[in-house]
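Undergrad:
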DNA sequence: GGCGAAATGGAATTTTCATTCCATTTTGCT
DNA sequence: AGCAAAATGGAATGAAAATTCCATTTCGCC
């Protein structure tokens, strides 16, 4: 309670404090300290009653333990254990501290920059964890068999599709960017057949034109790989194979970093797979 | 409630059930389904009240959702979301092991993906270290004073400029994307005056058309902010202010993540600075 | 366009949980 | 050993949270 020094807000700091003070603590509280360090996720998710039972102490002892560490009650201490679980997923702890320091002295635009960067890093990190290698291989397989790859991605997704069009061009892979210039989107995709393939990219709120184009292609049985953000996406319904990419956002603006990384991967992988069959130009 | 079939005890099963049933669910519950899959951590850690607020629904709707998935109440469903996190933590060491295995037996495309992701993370990290906050503020200042912001960025930089055009549009900032449709690039930029501004993006090898357009604008004294990769870039010579962004590359393909992060920052910062003068639309 | 059923919002209620309090036990010191 | 101070256990309390209930709105069908 009478805690003049700053009380640990992150798990690393709390852990250190527990180790330091444990020796000077009464028996029952030492017991709790040991339990806490050994079963941190129990502390994070359990209730006072359930933890007390597990650790074979009284509920009140848990509260006293938290107070002896400087917190007002058990709930405050538990919050630190929970934050550890949130952060650990992406290995953050240090980052957040750093960001906090930055944020104090920084201008509004600097805060924005770090916020967007953070969102980008988070997005990439989470896709790295959950991207299915087998799905990636299948997607490359579908696309590399296509005579022409049709790229659907308008509005927010247009940077992705236009990047792929650029890179495919450099790599000598025949592709068609559906850019809807002159209102000719439908005409642009009309030539796609079963021998081609579609790569469709769309995120909430799904641009209705992109969806309509993808559906038109699907109706004609053009093989389709989709990149979208939810199993409820209209693209997920119609694609032969789809990737779920959830981008983190900052101030309501979603990152595109993870999607872009995936797009680059597909582009290069398809180009390389093709080169094995028919030799082609290689470029940056 | 009247759940004869086994109700999901692990997250994977629950996830599948949510996807299956969501279509047949009423509007509000579908909304919750989407939120739950997109923010599983929130469900795991939050309280009914806090989650309800985040997802913009009533607390009672969350309980109904849980019941429609076969659970007795929200707490039971939440327990599944929590178990997912527990498991994830327990698997942490395994994960590293798994990653090691991946690296050995990984498919070519997985290696590509991790390579590009790493390049993106590196690029962002290095820009975070060296981006000058004062320069950022000045750039925002220059751009926010413009009547119309002309966006120059072709070929490899086109994803960046097209993203900014999209975002500026959403934010109600007048901008003109020089997309060179119909070979009309010169005409597109011809209207720019001293009261406007140019944001030019170009990297080695500098697309000659981009450079020519920027020079044309500079000759007419249009204020210019540039994003490029070297002090020797032709853009650096003519811009009033320029950012050096060095993107890491993998297998000869440069990331765009850092540039994109900077682009988002400029876009939002300019929009916010403008809103102080004249009220405008706010959107994602 | 009107009727009935389903869905929804929000307040009321119940349950669960953290915290506090106090009687009892243990510990440390003389 | 005997006393005071600290620690402990367990029940009582109050706060917060989940759940239920009901009036109102929305939706689908005739």
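Protein chains in written order, with the working numbering: chain A, 11 to 294; chain B, 11 to 294.
Each residue gets a CB set at the ideal place from its N, CA and C atoms; glycine is no exception.
Note that this is a predicted model, so its numbers are computed, not measured.
Under three-state DSSP, which class holds residue 174 of chain A?
TA: If DSSP states are grouped into helix, strand and coil, residue 174 of chain A belongs with the helices.
Undergrad: Out of A/58, A/260, A/271, state which residue places its alpha-carbon closest to the alpha-carbon of residue 258 of chain B.
TA: Of A/58, A/260, A/271, the residue nearest in Cα terms is A/271.
Undergrad: Below 7 Å between beta carbons is the criterion; list the residues of the region 130-143 of chain A that meet it against any residue of chain B, in chain order.
TA: The region 130-143 of chain A vs chain B, Cβ under 7 Å: 130, 131, 134, 138, 141, 143.
Undergrad: Verify the CB distance criterion: does residue 165 of chain A have a CB-CB separation below 8 Å to chain B?
TA: It does: the Cβ of residue 165 of chain A has a partner Cβ on chain B nearer than 8 Å.
Undergrad: Going by the DSSP bridge assignment, what does residue 185 of chain B pair with across the sheet?
TA: Partner(s): B/159.
Undergrad: How about residue 249 of chain B and residue 236 of chain B: are their beta carbons less than 8 Å apart?
TA: The answer is yes: Cβ separation under 8 Å.
Undergrad: Could you give the residue range of the beta strand (DSSP E) that holds residue 209 of chain B?
TA: Looking at the DSSP string, the run of the beta strand (DSSP E) that includes residue 209 of chain B is 207-211.
Undergrad: Helix, strand or coil: how does DSSP classify residue 268 of chain B here?
TA: Note: residue 268 of chain B maps to helix in three-state DSSP.
Undergrad: Taking buried to mean at least 16 other C-beta atoms within 10 Å of its own C-beta, is residue 63 of chain A buried or exposed?
TA: So residue 63 of chain A ends up on the exposed side.
Undergrad: Residues of chain B with a CB under 9 Å from the CB of residue 212 of chain A: which are they?
TA: Neighbours of residue 212 of chain A on chain B: none; closest Cβ ~14 Å, over 9 Å.
Undergrad: Nearest chain B C-beta to residue 24 of chain A closer than 8 Å, yes or no?
TA: By this cut-off, residue 24 of chain A is not an interface position.
Undergrad: Quick check on the DSSP output: the alpha helix (DSSP H) that includes residue 24 of chain A runs from which residue to which?
TA: Residues 21-32.
Undergrad: So, at 8 Å on beta carbons, what are the nonlocal neighbours of residue 241 of chain A in its own chain, with the 5 sequence-adjacent residues on each side left out?
TA: Answer for residue 241 of chain A: 254, listed in chain order.
Undergrad: Answer yes or no: do residue 134 of chain B and residue 267 of chain B have a C-beta to C-beta separation smaller than 8 Å?
TA: In this structure, residue 267 of chain B lies closer than 8 Å to residue 134 of chain B by Cβ.
Undergrad: Roughly how many whole angstroms lie between the Cα atoms of residue 117 of chain A and residue 175 of chain B?
TA: Spanning the two alpha carbons is a distance of roughly 24 Å.
Undergrad: Sorted by chain position, which residues of the same chain lie with C-beta nearer than 8 Å to residue 232 of chain B's C-beta, five sequence neighbours on each side aside?
TA: Here the set comprises 160, 202, 203, 204, 206, 207, 208.
Undergrad: Restricting to runs no shorter than 3 residues, where is the beta strand (DSSP E) found entirely within the region 214-257 of chain B?
TA: Correct list: 234-238, 251-254.
Undergrad: When burial is assigned at 16 or more other CB atoms within 10 Å of the CB, is residue 57 of chain B buried or exposed?
TA: Under this definition residue 57 of chain B is an exposed residue.
Undergrad: If we cut at 8 Å on Cβ distances, does residue 124 of chain B have a partner in chain A?
TA: For residue 124 of chain B, the answer is yes, since a Cβ of chain A falls inside 8 Å of its Cβ.
Undergrad: Find the residues of chain B that neighbour residue 261 of chain A, judging by a C-beta separation of less than 8 Å, and give them in chain order.
TA: Within 8 Å Cβ-Cβ: 278.
Undergrad: DSSP beta-bridge partners for residue 260 of chain B?
TA: Beta-bridge pairing links residue 260 of chain B to B/263.
Undergrad: Going by DSSP, what residue range makes up the alpha helix (DSSP H) through residue 74 of chain B?
TA: Element bounds for residue 74 of chain B: 69-78.
Undergrad: Are the CB atoms of residue 245 of chain A and residue 229 of chain A within a distance shorter than 8 Å?
TA: In this structure, residue 245 of chain A does not lie closer than 8 Å to residue 229 of chain A by Cβ.
Undergrad: Measuring alpha carbon to alpha carbon, tell me which residue in B/68, B/120, B/22, B/37 is nearest residue 50 of chain B.
TA: Minimum Cα distance to residue 50 of chain B is reached at B/22.
Undergrad: Got a sec, what are the start and stop residues for the alpha helix (DSSP H) residue 82 of chain A sits in?
TA: Here residue 82 of chain A belongs to no alpha helix (DSSP H), and DSSP marks it neither H nor E.
Undergrad: Ignore the nearest five residues each way along the sequence and tell me which others in residue 177 of chain A's own chain have a CB closer than 6 Å to its CB.
TA: The residues are 277.
Undergrad: Rounded to the nearest angstrom, what separates residue 90 of chain B and residue 167 of chain B at their Cα positions?
TA: Distance between the alpha carbons of residue 90 of chain B and residue 167 of chain B is about 45 Å.
Undergrad: Taking the C-alpha atoms as reference points, what is the distance between residue 147 of chain B and residue 156 of chain B?
TA: Cα to Cα, residue 147 of chain B sits roughly 15 Å from residue 156 of chain B.
Undergrad: Along the chain, where does the alpha helix (DSSP H) that runs through residue 127 of chain A open and close?
TA: That run of the alpha helix (DSSP H) goes 118-140.
Undergrad: State the Cα-Cα distance for the pair residue 137 of chain B and residue 129 of chain A, rounded to the nearest angstrom.
TA: Each residue's alpha carbon lies about 15 Å from the other.
Undergrad: Could you tell me how far apart the beta carbons of residue 47 of chain A and residue 61 of chain A are, in whole angstroms, since I believe they sit closer than 8 Å?
TA: Not quite, the Cβ-Cβ distance comes to about 13 Å (not below 8 Å), so this is no contact.
Undergrad: So, using beta-carbon positions, are residue 213 of chain B and residue 126 of chain B closer together than 8 Å?
TA: No; because the gap between Cβ atoms is not below 8 Å, this pair is not in contact.
Undergrad: So the candidates are B/238, B/218, B/179; which of them puts its Cα closest to the Cα of residue 196 of chain B?
TA: Closest option to residue 196 of chain B, Cα to Cα, is B/218.
Undergrad: Going along the chain, which residues of its own chain have a beta-carbon closer than 6 Å to the beta-carbon of residue 81 of chain A, five neighbours each way excluded?
TA: 87.
Undergrad: Which residue wins for smallest C-alpha separation from residue 152 of chain A, given the options A/280, A/20, A/18, A/19?
TA: Residue 152 of chain A has its Cα closest to that of A/280, out of A/280, A/20, A/18, A/19.
Undergrad: In whole angstroms, what separates the C-alpha of residue 108 of chain A from that of residue 275 of chain B?
TA: Annotation note: pLDDT 47 at residue 108 of chain A (below 50); position unreliable, coordinate value reported separately. Approximately 19 Å between the Cα atoms of the pair.
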